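Going by the UniProt record's numbering, 30 is the number at position 30 of the sequence shown; the sequence numbering is gapless.
In this text, a Cβ means the ideal position worked out from N, Cα and C, and glycines have one as well.
Bear in mind that the values here come from a model prediction, so they are computed numbers and not experimental data.
Comments concern the structure below.
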Amino acid sequence: MKTLLHSKFRLNGQAFASSDVLLKYAKQLVETGKDNESAIGKFIVEWLDENNFITVKTSGSTGSPKEIKIQKKHVNNSAEATVNYFNLKESTKALLCLPAEYIAGKMMLVRAMIVGWDLHTAAPGKNPLEYQDSDFDFSAMVPYQVFHSLENLRKVKMLIVGGGAVSAELEQQLQNVNTSIFATYGMTETISHIAVRPINGKEKSAVFSALPKVGFLQTENGCLQIHAPEISEELVVTNDVVELISPTSFKFLGRIDNVINTGGVKVYPEMIEEKLSLYINKPFFIASEKDDALGERIILVVESERQLQFEDYSDAFGKLSTYEKPKKIYATPEFVYTETEKIKRTAVLDMLALKKRL
């Protein structure tokens with residue numbers, strides 16, 4: 001596939017007269033750039049080659065990381081859908097601060113190249129805005145970066161957040177931020193996001209709305225199915241349980257892999273975590289272990305140097321229903337994370353040797 005390069009595309013202030021000039025620049029980045037710059041160069045080389053596909057790594061948060069091939073025509077369609085939804089026209093000044101090894105970072109580059117953005121790059125650290133002297137029209141971050149960038153978010157007019165759930169605590173902190181911020185829903189297989197929801201401002205909502213030409217269905221067990229012919233020739237079946245509001249909107253409830261049956265009641269860890277996030281200022285997650293009476297009992301796992309007691313979280317647990325309340329608390333000094341800062345729950349549970357008791 002021959003990919004087109006918009007004449008107004010800029011990368012860190014540099015213009016490119018042709019794809020060949022950009023290709024030469026990208027190869028230099030691969031050879032002499034820092035790790036994040038080299039990754040950017042490698043993807044640009046891949047995007048400009050004659051193949052009709054790109055190869056993308058999944059994050060590995062719900063299993064082993066793997067590589068999948070995605071058609072460039074679908075990548076192009078996905079980029080245009082985001083651009084049109086948010087009205088991000090040529091000369092949009094954008095900041096890429098996500099790793100270019102993964103789909104979210106790659107999509108920022110594609111949008112910039114095909115629409116003609118003025119794209120600037122920063123190392124994908126926890127506070128990428130800290131040393132930026134100018135303002136930006138648009139950027140994308142993971143929740144971890146947003147949390148550490150709260151004092152600098154004023155430098156971005158519009159921000160999309162993906163790669164993990166936005167906690168209730170973080171969402172609360174964003175209510176007085178002038179930046180227009182949107183949570184995104186998607187995965188590598190859907191070529192980044194296919195639905196968004198505003199998380200601050202007058203349009204704030206708990207409901208995800210589909211991007212153009214995307215529709216939703218549900219399986220018998222409540223999992224979301226995605227019909228998006230512009231980016232996938234097949235129906236995408238997810239493991240995410242949702243409340244389907246309409247053919248183009250839904251509320252996220254949790255992953256079916258994580259659902260806990262305690263005393264005959266189905267409980268979604270993600271919903272408990274959202275409630276607790278207002279009260280627990282350490283990394284944590286909800287899981288379960290076997291219980292003779294309940295079948296499964298809820299447990300709270302916290303990243304902490306010291307063992308925690310129930311009285312430490314009495315206020316937090318008071319906001320939960322009887323079936324949602326953790327019956328035991330486990331602590332470990334250090335969680336296991338993916339490269340994109342998602343907690344690897346199974347790995348943490350293995351580390352705690354909890355699986356032997358499940």
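Which residues mark the beginning and the end of the beta strand (DSSP E) in which residue i is found?
i: F182; result: 180-187
i: N239; result: 236-246
i: A39; result: No beta strand (DSSP E) contains A39, which is instead part of the alpha helix (DSSP H) from 35-48.
i: Q132; result: Neither: Q132 is in no beta strand (DSSP E) and is coded neither H nor E.
i: V265; result: 265-267
i: K57; result: 53-57
i: L217; result: 215-218
What residue range does the alpha helix (DSSP H) around residue i cover?
i: Q172; result: 168-173
i: K233; result: Here residue 233 is Glu; the residue named in the question, Lys, does not match the sequence. Counting along the chain, E233 falls outside any alpha helix (DSSP H), and DSSP gives it neither H nor E.
Applying the criterion that 16 or more other CB atoms from any shown protein chain within 10 Å of the CB defines a buried residue, is residue i buried or exposed?
i: F250; result: buried
i: P333; result: exposed
i: T55; result: exposed
i: residue 400; result: Residue 400 lies beyond the stretch modelled for the chain, which goes from 1 to 358, so this question has no answer here.
i: K106; result: buried
i: L349; result: buried
i: Q28; result: exposed
i: T20; result: According to the sequence as given, residue 20 is Asp; it is not Thr. When all chains shown are included, D20 counts as exposed.
Give the DSSP bridge partners of residue i, in chain order.
i: Y330; result: V301
i: D118; result: R10, K93
i: F317; result: BP columns for F317 are empty, so no partner.
i: G163; result: Answer is none; G163 lacks a bridge partner.
i: A210; result: A195
i: Q71; result: F53
i: S19; result: DSSP output for S19 lists no bridge partner at all.
Would you mind giving the Cβ-Cβ distance between residue i and residue j, rounded to the nearest angstrom? I have them listed as a contact below 8 Å.
i: Y323; j: G263; result: 6 Å
i: V207; j: A228; result: About 18 Å separates the two Cβ atoms, so there is no contact after all.
i: M158; j: F9; result: Contact doesn't hold; Cβ gap of about 19 Å is too wide.
i: H74; j: I191; result: 6 Å
i: L170; j: N152; result: So it is not a contact: roughly 15 Å between Cβ atoms.
When DSSP labels each residue in this structure, what does residue i get in the three-state scheme?
i: R306; result: coil
i: D291; result: strand
i: I260; result: strand
i: V142; result: coil
i: L224; result: strand
i: G254; result: strand
i: T340; result: coil
i: I272; result: helix
i: I103; result: helix
i: S277; result: coil
i: E203; result: coil
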